[in-house]
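No gaps in the numbering here: position 83 of the sequence shown is 76 in the numbering used here, and each next residue is one more. For glycine and all other residues, C-beta sits at the position ideal for the given N, C-alpha and C. Only one structure is covered here, and it is reproduced in the block below.
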Amino acid sequence: MANEHEHCVAQAWEDTPPRVLDKLRFHIFLCTDGKDFCGCEANGNAALSGALRQELAKRRLMASVKVNIMQCRQPGTAGPVFVVHPDGVWYSGLKAENVPEFIEQHVLGGKPVERFLLRDLKPVTAVPAHIVEAADCCAEKLTPEQQAEALATAATR
Ligand code: FES
């Protein structure tokens, strides 16, 4: 895990009753930061986003894999950067043409595509606010049931 928030997000998923996650298996956050601090845009994040959604739809996986956007989380990385939760697996450099392989191997097979893994992961300064909010990890104010409900709601945004 990259930092304490990464751990908490993963923990929130682990604590989520199976009934909540029956449909949602993976939540992907793809850097589509318009400012393109790194190289995500230049390296095809828009095409990747489109290909991911298209392939998921083609395989009828939209209910089990959600794709959301995030801002720059890995400054100085070539990209396109995305992270797959609940595993907290970070990718960089995977292009639109690699999406079928990613779906087959990671989403359906459970094995990350090694050659595109982001090895020199920098400290993640922030994770999407609604996920932190949903996990409410640091304050530990929510019961596991409340966490599950909040997480399920966040996942539908
Ligand atoms: S612009 Fe995408 S990780 Fe920085």
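(request) For Glu48, collect the residues of the same chain with a Cβ closer than 7 Å to its Cβ; drop the 5 residues on either side in sequence, then sort them by chain order. (result) Residue numbering aside, residue 48 sits at position 55 when the sequence shown is read from its first letter. Excluding residues within five positions, the ones whose Cβ falls inside 7 Å are Val92, Pro93, Ile96.
(message) Could you check if Arg66 belongs to the surroundings of the ligand FES, using beta carbon to heavy atom distance under 7 Å?
(response) Stepping through the sequence shown from its first residue, residue 66 is reached at position 73. Yes, Cβ of Arg66 sits closer than 7 Å to a heavy atom of the ligand FES.
(message) Let's test the definition: count the other Cβ atoms within 10 Å of the Cβ of Lys115 and tell me whether it reaches 16, buried, or not, exposed.
(response) Here residue 115 refers to the residue found at position 122 when the sequence shown is read from its first residue. Exposed.
(message) At the level of alpha carbons, what is the spacing between Gly86 and Ala71?
(response) Here residue 86 refers to the residue found at position 93 of the sequence shown. Here residue 71 refers to the residue found at position 78 of the sequence shown. Cα to Cα, the separation comes out at about 7 Å.
(request) Return helix, strand or coil for Val106, following the three-state DSSP convention. (result) Mapped onto the sequence shown, residue 106 falls at position 113. Coil at Val106, not helix or strand.
(request) Could you tell me whether the Cβ of Glu94 comes closer than 8 Å to any Cβ of chain D? (result) Among the chains of the structure shown, chain D does not appear; only one protein chain is present.
(request) Return helix, strand or coil for Ser85, following the three-state DSSP convention. (result) Within the sequence shown, the letter at position 92 stands for residue 85. Here Ser85 sits in strand by DSSP.
(request) Check whether the Cβ atoms of Gln67 and Val60 lie closer than 8 Å to each other. (result) Taking the sequence shown and counting its residues from 1, the one referred to as residue 67 is at position 74. Taking the sequence shown and counting its residues from 1, the one referred to as residue 60 is at position 67. It is not a contact, given that the beta carbons lie outside the stated cut-off.
(request) Could you give the DSSP three-state label for Pro68: helix, strand or coil? (result) As a working mapping, residue 68 is identified with position 75 in the sequence shown. DSSP places Pro68 in coil when its eight states are reduced to three.
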